[in-house]
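Chemist: Numbering (this note's numbering), first residue to last: 2 to 410.
Beta carbons are placed, not taken as given, at the ideal position from N, Cα and C, and that holds for glycine.
Let me begin by handing over the structure; questions about it come next.
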């Protein structure tokens, strides 16, 4: 990212967290085994279709930059710091990293990014606890969404406070307040820049067995960019509410089930044509038939705003995944992920001829990890992606391979 954004990010790193971390170094020496760690991660990869274009587009960058082909190799080097310390009933966690990504051919995609996350897990009394957290992440939006031939970098910032009050028995009162901000280097109409405040209040019952059930209600208020454009049905403000029922259930010593059902309602005061509501959620099943094999099965539904044009106000993503993980030995694992997602783009604000866009995305990924030493790990993966859409312009296939090494010291 650009120097200006990096300098602003550096200044925005919470001094509160830095002060806590540094002040805790001396008194906590010896309290934990190596609470301070430095991390060096090097990743190299190859992508057969960097810009996620249809097969008919063999040279997407030829006209604008004189570059042929659509495949490239890239490398990312990441250097970071991790602090995880306990002090009495308090825990402080901080992880920050600077990374540099470089492409062999499409050098205009090169980027440097700064990411961090920190949290103070505080406990006032045995019955009152919570977290104070902050995070910042820089990433590049996928070309499968932007359909652009140039990069769109985003910066996401979050700051939050949560509260957990143990009332009696297994009952807990939950509360939270979060402020988040999203900014992009290049405008992306479907997901514009925004700032929002989230407030939540909930109740959870935790059984002695570890099973739990909770109900949470959330209210959101947000501002979208600075452009109120009624002619394009673009509002600069929104409100949203969520009512969520969630649970965790241990079925046996070898299987568990987690679930979440959320009703979402989003309203735009100036452009009600963009309003939408519906249900989201997930159901996840973990089965460990043997000590060396685990199978994860998940079904999820997500609703999110997507104001790409007047034919779409939101998207619904239904995903089914199966991921078996095999511990080959105490130092090596193999995993296979099979994922299928259907995306429906709904909520037209004006009538149009035709059917709403629908995408079907499938991916198959094989991952191998090896830990020859507690401080050294290696990871290799191969992946096949395919998207088929009712709009042929969004079809693509991609083959991706990555090899990574991580050193912790």
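List the residues that DSSP assigns as beta-bridge partners of residue 376.
Modeler: Position 375 of the chain shown holds residue 376. Answer is none; residue 376 lacks a bridge partner.
Chemist: Exposed or buried, which one is residue 128 when buried takes at least 16 other CB atoms within 10 Å?
Modeler: Sequence index remark: in the chain shown, residue 128 carries index 127 (1-based). Its Cβ having fewer than 16 others within 10 Å, residue 128 is exposed.
Chemist: If you reduce the DSSP assignment to three classes, tell me which class residue 85 lands in.
Modeler: Taking the chain shown and counting its residues from 1, the one referred to as residue 85 is at position 84. Three-state result, residue 85: strand.
Chemist: Out of 121, 86, 147, 151, state which residue places its alpha-carbon closest to the alpha-carbon of residue 161.
Modeler: Residue 161 sits at position 160 when you count from the first residue of the chain shown. Ranking the options by Cα distance to residue 161, first place goes to 121.
Chemist: Three Cβ pairs or more, each shorter than 8 Å: is that satisfied between the segment 203-222 and the segment 315-335?
Modeler: Short answer: they don't touch.
Chemist: With three or more beta-carbon pairs closer than 8 Å as the criterion, would you say the segment 358-376 touches the segment 336-350?
Modeler: As far as the Cβ criterion goes, the segment 358-376 touches the segment 336-350, which means the pair count is three or higher.
Chemist: With burial defined as no fewer than 16 other Cβ atoms inside 10 Å of the residue's Cβ, what is the status of residue 376: buried or exposed?
Modeler: Start at 1 with the first residue of the chain shown, and residue 376 comes out as number 375. Burial call: exposed.
Chemist: Alpha carbon to alpha carbon, what distance is there between residue 390 and residue 60?
Modeler: Translated into positions along the chain shown, residue 60 becomes position 59. Translated into positions along the chain shown, residue 390 becomes position 389. Rounded to the nearest angstrom, the two C-alpha atoms are 21 Å apart.
Chemist: Using the DSSP secondary-structure output, state which residues sit across from residue 411 in a beta bridge.
Modeler: Nothing about residue 411 can be reported from this structure: the residues present for the chain run from 2 to 410 only.
Chemist: Measure the C-alpha to C-alpha separation of residue 290 and residue 254 and round it to an integer number of angstroms.
Modeler: Translated into positions along the chain shown, residue 290 becomes position 289. Translated into positions along the chain shown, residue 254 becomes position 253. So the two alpha carbons sit approximately 10 Å from each other.
Chemist: Given that a residue counts as buried once 16 or more other Cβ atoms are within 10 Å of its Cβ, and exposed if not, what is residue 220?
Modeler: The residue you call residue 220 lines up with position 219 of the chain shown. Classification of residue 220: exposed, given that the 10 Å Cβ count is below 16.
Chemist: Looking at residue 119: is its Cβ nearer than 8 Å to the Cβ of residue 134?
Modeler: Walking along the chain shown from the start, residue 119 turns up at place 118. Walking along the chain shown from the start, residue 134 turns up at place 133. Cβ atoms of residue 119 and residue 134: closer than 8 Å.
Chemist: So, using beta-carbon positions, are residue 190 and residue 313 closer together than 8 Å?
Modeler: Here residue 190 refers to the residue found at position 189 of the chain shown. Here residue 313 refers to the residue found at position 312 of the chain shown. No, Cβ-Cβ distance for residue 190 and residue 313 is not below 8 Å.
Chemist: Where does residue 15 sit, in a helix, a strand or coil, going by DSSP?
Modeler: Here the question's residue 15 lines up with position 14 in the chain shown. Unreliable placement is indicated for residue 15, whose pLDDT of 40 sits below 50; the coordinate value is still reported in the next sentence. Here residue 15 sits in coil by DSSP.
Chemist: Roughly how far, in whole angstroms, is the beta-carbon of residue 105 from the beta-carbon of residue 74, given that I think they are within contact range, below 8 Å?
Modeler: As a working mapping, residue 105 is identified with position 104 in the chain shown. As a working mapping, residue 74 is identified with position 73 in the chain shown. About 5 Å separates the two Cβ atoms, so the contact holds.
Chemist: Taking the alpha-carbon of residue 126 as reference, which of 294, 167, 103 has the nearest alpha-carbon?
Modeler: The sequence position of residue 126 within the chain shown is 125, counting from 1. Ranking 294, 167, 103 by Cα distance to residue 126 puts 167 first.
Chemist: So, is residue 304 buried or exposed, given that buried needs 16 or more other C-beta atoms within 10 angstroms?
Modeler: Locating residue 304 in the chain shown gives position 303, counting from the first residue. Buried: at least 16 other Cβ atoms inside 10 Å.
Chemist: If you reduce the DSSP assignment to three classes, tell me which class residue 162 lands in.
Modeler: Taking the first residue of the chain shown as position 1, residue 162 is located at position 161. The answer is strand: DSSP assigns residue 162 an E or B state.
Chemist: Are the beta-carbon atoms belonging to residue 198 and residue 180 less than 8 Å from one another?
Modeler: Locating residue 198 in the chain shown gives position 197, where the first residue counts as 1. Locating residue 180 in the chain shown gives position 179, where the first residue counts as 1. Yes, Cβ-Cβ distance for residue 198 and residue 180 is below 8 Å.
Chemist: Between 142, 262, 93, which lies nearest to residue 53 when the distance is taken from Cα to Cα?
Modeler: Within the chain shown, residue 53 is the residue found at index 52, counting from 1. For the residues 142, 262, 93, the minimum Cα distance to residue 53 belongs to 142.
Chemist: Quick one: Cα of residue 400 to Cα of residue 164, how far?
Modeler: To locate residue 400, count along the chain shown from 1; it is residue 399. To locate residue 164, count along the chain shown from 1; it is residue 163. The alpha-carbon atoms of residue 400 and residue 164 are separated by roughly 44 Å.
Chemist: Taking the C-alpha atoms as reference points, what is the distance between residue 242 and residue 235?
Modeler: Residue 242 sits at position 241 when you count from the first residue of the chain shown. Residue 235 sits at position 234 when you count from the first residue of the chain shown. Answer to the nearest angstrom: the Cα atoms are 20 Å apart.
Chemist: Which of the three DSSP states, helix, strand or coil, is assigned to residue 128?
Modeler: As a position in the chain shown, residue 128 is number 127, starting the count at 1. Reduced to three states, the DSSP call for residue 128 is coil.
Chemist: Please determine, among 69, 64, 124, 65, the residue with the shortest C-alpha to C-alpha distance to residue 91.
Modeler: Taking the first residue of the chain shown as 1, we reach residue 91 at position 90. Considering only alpha carbons, the answer is 124.
Chemist: Under a three-way DSSP split, which group does residue 273 fall into?
Modeler: In the chain shown, residue 273 corresponds to position 272, counting from 1. Correct three-state label for residue 273: helix.
Chemist: Can you find at least 3 beta carbon pairs, one from the segment 368-384 and one from the segment 350-357, that sit closer than 8 Å?
Modeler: At 8 Å Cβ cutoff, the stretches do not touch.
Chemist: Beta strand (DSSP E) containing residue 407: first to last residue?
Modeler: In the chain shown, counting from the first residue as 1, residue 407 sits at position 406. Here the beta strand (DSSP E) through residue 407 covers 397-409.
Chemist: Between 48, 300, 315, 86, which lies nearest to residue 76 when the distance is taken from Cα to Cα?
Modeler: Position 75 of the chain shown, counted from the first residue, corresponds to residue 76. Among 48, 300, 315, 86, the Cα nearest to that of residue 76 is on 48.
Chemist: For residue 273 and residue 194, I'd like the C-alpha separation in whole angstroms.
Modeler: Walking along the chain shown from the start, residue 273 turns up at place 272. Walking along the chain shown from the start, residue 194 turns up at place 193. If I take the Cα positions, the gap works out to 20 Å.
Chemist: Cβ of residue 249 less than 8 Å from any chain D Cβ?
Modeler: No chain D appears in the structure shown, which is made up of a single protein chain.
Chemist: Could you check how far apart the C-beta atoms of residue 405 and residue 43 are, in whole angstroms? I think they sit under 8 Å.
Modeler: Locating residue 405 in the chain shown gives position 404, counting from the first residue. Locating residue 43 in the chain shown gives position 42, counting from the first residue. Sure, about 7 Å apart at Cβ, within 8 Å.
Chemist: Near residue 62, what residues of its chain come up, given a Cβ to Cβ distance below 6 Å and the 5 sequence neighbours on each side ignored?
Modeler: As a first step, residue 62 must be located in the chain shown, where it is residue number 61. Closer than 6 Å at the Cβ level, and outside the excluded window around residue 62, lie 68.
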